[in-house]
Each structure stands twice: as C-alpha cells, then as structure tokens.
C-alpha cells in the first residue's frame, strides 16, 4: 500500500500521477556485481574436485573434502539421506574467516530433518555410488558433480554444467606498489592486456563496496556469494519460486533477467516479468508425465534463478543411464541458482507424485494450521474507513443489501499519527463499543500493525524498544532512522527471539488499549519497506543485533514479523483460540503463522488474470491461505471488472476486497442493482461451500497439499494440463474457470481426465473430460464444475456471517461418475479453538455405491458432538427414479421423502435428519448410516 517516492526527503505522490512501477528504483542483474559474475560463468569443466581419500561415512550421510583447484580453497561437502525419499546437499567452507548465516532450526525448518539410511556402494574410477531405497546418487569427484537417479532414471544433476561458484571469505589486501607499477607498464604496452586489467579493476572495485543510484553499501567481509547449476533431465515444465507476477509454468530467462527472490515493496508491479516482489520461497517443482520432484534452496539472502529449457544432452548421461532410448528429443530444464551470501544447502525431494512432494516439503517447513472459519469468509477493507460512523454504515449496508461478510478492516489512518497499537481518538473514540457492535453479528475486525515504529519519545512502544536496545542498527552500530508512513521510524530486530517475545507482548489486551478478542492483525510493509532506503528497503550493510548484515538475512525478516504477531494474538487466550494474521512479506515457513496476499495490484483486467497463477504458485509452495485484492488496490475498475473480480475472489482461498485511499468507494452494495445481485450470488456461493473449503484446509494441515491447485496435480500424466493456469481446482472436486477478459460472454474451459465427468454447479449439465469446451459465461455466471465421483458438503442457508452458520444443516451434493459411484469427506469441529488437535472433531467419509450412500465416521470414541444435521442429499446423474429411499441408522430403518427430475437426472432426498457428522460420547461408538436409494 505504498505510494511514497523520495525526492530530497519524503514525497507522497498522488495516485493519478503514478502510472506504473518505477523500475529504476530496483536493481537489475547487471546492477548487482555478484549476479553479473555468476551469470557470466560459461558451462564447462568445474574447477571444484572432491578428494575421495577424505570420505567419511555415517549411517545416514557422507562427508568429503572439496578443493577449488584454481584458488586452493577447501570446502566440505555433506550428502545426507533424509526420510521420505529426500536428499540433502550441503557445501560449506572448511575454514571460514567468519561464520556464515544459516537459519536456525525452528525458523524455516520446523525441526532437524530426520535422517534415513544411505548405503555406500563403493568407488569406480572417479565415481562414488550411494543408494537410498529406490534412489541412487552418484558423486563424480573430478570435476565435482552429483547425479541422482530414481528407478535408474536420471532426475536431478548438480554442477553438471560446471557453474559451481562459492566465493570464500577473505581479507581485503591493498596491492603492493611494485605490483601497481607492473600493471601500469602492461597497460602501456599491451592493448589486449589493458582491457583485461581495466575489467579486473572494475570487478574488484565491487568486491568490497557497491553503489546503486545514490546509495553506497559497504562489504566489510568482501564477496561471499554462492551458486550452482541444477538440471532436470526429461523435464519441460518447472513451477514455484514465488513471488512473481508471472504465469504458473516458469519461463526461460535466456533473454531476460533471472527470476529474483528479494523481498521488496513494489507497488503497481508489472506483469509477466521476473522482478522481485514482496515475498520469496526458493522452492522449485519439476514435473513431467512420469514424475514430480522439487528442489528447496535454503538460503535467506537475495537469490536469483536462471532457467533454460532445451533438449537433453545424451552424451552427458551416456555413461550413467540409457534414458533416451527410442526418443531423440528428450526435454531438459537447466537452472542456475545463486545467492549473495550464506551456504549451499539444497533439499532434493524425489516425489514421485505431486502429493508426495507436498508432503516431503511440509515435513521440512510445516503446513498451514486450520484457520478459524471466519477467516475463510469474505473480508471488506479499504484504505481507510474514516471513523466509527463509517464502519457502522458499511456494516449496516452489508445487512441492508443481504451481502454476507465476516471481517471489516482498518488501515493506517485508524491509529493516532500512525503510531501502531493506538487509536485516533477523534475518529475512533470508543473502539471497544465498535468491536462489540460487529461482534454481535458474529463479525470480526482487523487493524494494521506495521513493523516500523514512529520515533517519538511520547510513543510508549517506541520508547520501550529504544530503551531496551531492540532496534536494527546502522553499519556503525546506531539505531537505524529511516522513513516510512509515520515519518522518522525505527525497526525492531525481529531476527532476535527476545525481540519477537517483546513484540508479542504488545498484543495483550492490557498493552493494546481499545482492542478486544475479535480484533486481529495485518502486517504490511514488512519486507521491510523503507522509503529512503536503497530499493525502498534496508541497506544491505545494516546490522542486526547478533552481528548479521541485512544482506545475509533479508528474506526472513518479514516472516519473523508475522510469526511474532501471531504469537501475540495466541497469547491473548493462552493458545486456546485460533487467530488470524495477514502478511505481505513471506519466506519458506510463513504458512505456519500467516495468510498472504499478492500486494499492491491494480484494478486492471491483466491483474485479475495474473492473480490466478500467482495464487496457484503460492499454493504449490505451501502457502495455501492466499489471495489477491478483489478489485485491485490501485485505480478505479469499471463495473464489469469489479463484478468479475468478485466472482473470481469468491473461489480463491483468501477473499478480501481492498482499495487505495484515493480510489472511489467501491463496496459491493454501491454497484448497480443487477451487479449487486451477481455479487451477492457469488458471495453466497462462497459461504455455501465453506464446509468444503474448511475440510480442504483441514486436510492441507495434515498433508501439506494445496487447497487451490493446478489441474496437473490431480491429473499428473495429462500433459495438456501442464501449461494451464486459467482453470484450476479447489481440492480435488471443484473446477473453477474465472472470466478474466473484458466483454467476454463465454469462456474456454479445459476439462481434464479421459474418464471424468464434470457437472456445471448451476445447471448440472455434464461435460466429459479430456477436452476443451467453449461454455456460456454471461456476466451473471462464473463457470464452476463439480467432478463426477465426488461428494461435496454445503450449507445452503444464507447468513450474515460464517459464525451464524455454526449450527446450520448440511446439504450433500453427490455427483456420480461413469460407474455411478461417488465419495467425499466432511470435517467439522467447533470452528474456532485448538481443541481439534486433541481429537475433538468429527471426520466422516461418504461413499455412494450400488445406490447406497454410506456415512462412515473416521474419528471414533471421542467426545465431540454437534447440533449440525443433514438437511438434504442431492444425487446428480442418477439415470432412473428410485421406488423408495430409506435410512438405516443404528439398526433402525425409516422411509424418506424425495423428488426426482428425469430431465436433469437429479434425486433430492429431504431431511434425513441424522447427525452424520458427529460421534456420540463413549461408551457408544459412531454408527454407520446408510441411505438406500
């Protein structure tokens, strides 16, 4: 939400004067010395060689010395077997002059990865062979190279192109006078040598400091970058490494900059380019018809990733495996990863399927905890709701127009002079009363709390942080003074546990006057955004309290902000109640403590279109609770675009409307009546599907699977899906195709699966799979389809908020496949506490076979009860009307009323009345219920 530009201080530019991203505020690869050096490397024999006589073995790992033959610097390579078909590759300096930063266990990795036996099979020439399960790893010692095989097929190669470059720590040495004289003499006599010498001087001038625009950043420890190439033979498509406003399938960077991972405040960002944005997850997923695998580059510094797609070089693998038999055009994707600092620490997760990869990555960085139900509802926000009367008016108008919503948000203007943890008394004189009023309707509020603190001695939070010495420093050790929304500001050093603990304490009701338990938090500007800093962030040579430079830890700072915030909210109820935090900056592991949105987008059709692949990319790397500002943050979208965006947002994991201070008010009830009706239908559809969304979030916490996923995740062998990002799935059963083109009245929808049936959820018209169909999509319709063979639970009664649906009955929508079968799950709990982690929940499997619907409780013998019940069952695709419908529950049988429409082949069973989702207290067990149609 940043529009500030700096011209001799802080100048806030009006919305209409800012037309696009100011590209010159942000470095390109050519403006970053280490990026130039790594990218200039040519493929060829590596100068690094492993020394086989130094091999040291344990049950789960192998350690070997590595020598850079050009510099004589020694390194240590460790190859580890990790549980669940994963390898870890680490390369560090043997004798560093200074320790390099590695994220502590618990920050990114949830725990020390569990090792698994790796068997050393011996040495043959320059090759050392290791096996782990069905995988084989070959370490070629000279030149250094690692090849990994699964079932004898090569799947990953590291340093096959010889681009390994580990810049060792060193001390700065001034050239001797005689050396300088010799260089000058060479310059006078040899033109060729003159060019080389000048180039060398230019390169060496960037080794110890670097200048961008008016900013000069020191490098007291010299160049410390690391990089290596990673190749995927047999793979044409790779995904992941968000955040970029880019297509789902990543593109070659042959004629562009590499993809950049460096958390930055980039407002009005451009589309379809590799520029860095607000967050970074250095995880790439490679996929073909036979296998899915992924690479996690564990490094908190700025990182660039080059991608090249080509045909695999058979000669490279001729002595390893015959993987190209009968095919002369085997694809290969070559990637080149390099970071400004840190070590080389790579996790290779070998799948073999998409869901295996999600589970393997989740074991490393964790999953998204089940959100409270209210947070999956609709959120209403703008910068800014003016005062308490404005909040009351918005809240009442949602009710007046029968529009459901769960959360209303307040941006930076709600605070007293942008002093976070405060309220502007003239605008919000009684915030507790305001919070009680919205709470009476089951609704919540979110206020923004940014990490920059106004430097004001009378501001308690700032003064306390200053006195305790909690702030990020300059390179000279002084408290950093930078500009952000309040003006002169300081930033707590969230890298330190004791600082995070202090920050968390500020969310206590006693420390945050005027707050309440239905008030939650939004962390913005946490990249961090610094208006007068290089690239609008911290200088790379700024110091953290533990001595780390910002360049070493930059990408994890924002994650620690929102983790500390979540901890503060959880403490308010002694960790009994679930909470909600939204963050803009993120890293691997952010999914454990915050939802994410895609930042300062624009109210343009292109930004609506790109929101789908952006959110899909986030879901692939574990950040499943994610969304984009509905309507776009900047500009004034027209009525059609607003309407289409509400439809799309209603079928994305996080659904929030948000708008810039200078935009026209665009609450949905301000639209023309026809459009209000369309938006109401879209929001009601979202609320009706909340039981399905909630079930998918529960399953995601258990498995790490995406909630919103590309088609190829469910259909991994169907190549036609690999490049599709305008059609996606919610869970396995709901296919969505948002309309993202102006004036469109139809849409092309690809239906995957050769034997699949897909039912239009509005008309129940059925489409066969493995075909693209142009379907009607007038403004009143978003194309959504339920997959045959799947049962989806819904709640069909309109309510003002999700809290008011807690006791409402369910409708089961049973769509039959070609075999006249179907299956699904329903998860229920109290929707707000952590008691589900103690087994206090209901989980039911449903199956429909041989004209019988079975309800089989999975959670047995627990204390969970619910007053929710089954109001209706809809069976779609039933070819004949049944003679009767009976319910068998706990040995008792009764007849049920029903209707059957022969034209649509829909059977509707009325009021089975049984609590299919609940288990009774012991000693009684959950009974299986059977509907016989």
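Numbering (mature numbering (1 follows the signal peptide of the UniProt record, and there is no 0)), first residue to last: -20 to -1, 1 to 913.
Quick reminder that beta carbons are idealized off the backbone N, C-alpha and C, glycines included.
When secondary structure is reduced to three states using DSSP, residue 593 falls in the helix class. Taking 8 Å as the cut-off, the beta carbon of residue 765 is found closer than this to the beta carbon of residue 738. Setting aside the 5 residues that flank it on each side, residue 801 is surrounded in the same chain by 769, 827, 828, 829, each with a C-beta closer than 8 Å to its C-beta; the list follows chain order. Put simply, of 88, 91, 104, 109 the residue whose alpha carbon is nearest the alpha carbon of residue 98 is 109. Out of 844, 799, 815, the CA that lies nearest to the CA of residue 859 is found in 799. Annotation for residue 94: 63 place their beta carbon closer than 6 Å to its own, counting only its chain and skipping 5 residues before and after. Close CB contacts of residue 712 within its chain, under the 6 Å cut and outside five residues either way in sequence, are with 694 (chain order). A Cβ-Cβ contact shorter than 8 Å links residue 244 with residue 258. Apart from sequence neighbours up to five positions away, the residues of its chain that approach residue 340 with a beta-carbon distance below 7 Å are 64, 65, 66, 329, ordered along the chain.
Look at the beta carbons and you see the region 657 to 675 not touching the region 602 to 620: under three pairs across the two are nearer than 8 Å. Judged by DSSP secondary structure, residue 15 falls within the alpha helix (DSSP H) whose first and last residues are 13 to 20. Taking all protein chains in view, the Cβ of residue 364 is crowded by 16 or more other Cβ atoms within 10 Å, so the residue is classified as buried. Within the model, the alpha-carbon separation for residue 514 versus residue 333 is close to 42 Å.
Between the region 617 to 624 and the region 262 to 271 there are fewer than three inter-stretch CB-CB distances shorter than 8 Å, so the stretches are not counted as touching. A straight line joining the alpha-carbon of residue 834 with that of residue 885 spans about 21 Å.
Around the beta carbon of residue 194, fewer than 16 other beta carbons sit within 10 angstroms, so the residue counts as exposed. For residue 9, DSSP records no beta bridge to any residue.
It is roughly 20 Å from the alpha-carbon of residue 18 to the alpha-carbon of residue 81. For the options 497, 358, 391, the alpha carbon positioned closest to that of residue 420 is the one of 497.
Between residue 211 and residue 141 the beta-carbon gap is near 7 Å, inside 8 Å, which marks them as a contact. Judged by their CB atoms, residue 322 and residue 281 are nearer to each other than the 8 Å cut-off. Spatial neighbours of residue 470 in its own chain (CB-CB distance under 6 Å, excluding positions within 5 residues in sequence) are listed in chain order as 433, 435, 451, 459.
In the three-state DSSP reduction, residue 655 falls in the helix class (H, G or I).
In the DSSP assignment, residue 209 falls within the unbroken beta strand (DSSP E) covering 206 to 213. By the C-beta density criterion, residue 85 is exposed, having fewer than 16 other C-beta atoms within 10 angstroms. Taking a C-beta distance under 8 Å as the contact criterion, residue 824 and residue 806 qualify as a contact pair. Between the C-alpha atoms of residue 105 and residue 53 there is a straight-line separation of about 24 Å. By alpha-carbon distance to residue 344, the top candidate from 357, 399, 87 is 87. Going by DSSP, residue 412 is part of the alpha helix (DSSP H) stretching over 411 to 419. Scanning its chain for C-beta atoms nearer than 6 Å, with the 5 sequence neighbours on each side dropped, one finds around residue 541 the residues 431, 474, 503, 506, in chain order. Straight through space, the alpha carbons of residue 56 and residue 76 are spaced by roughly 11 Å. Of the candidates 127, 224, 189, 127 places its Cα closest to the Cα of residue 213. 869 is the residue among 812, 869, 316 whose C-alpha sits nearest the C-alpha of residue 832. In this structure residue 385 is buried. Its beta-carbon is surrounded by 16 or more other beta-carbon atoms within 10 angstroms.
In the DSSP assignment, residue 329 falls outside any alpha helix (DSSP H) and lies within the beta strand (DSSP E) extending over 324 to 329. If you keep only unbroken beta strand (DSSP E) runs of at least 3 residues inside the region 686 to 741, you get 688 to 690, 708 to 710, 714 to 716, 726 to 731, 737 to 740.
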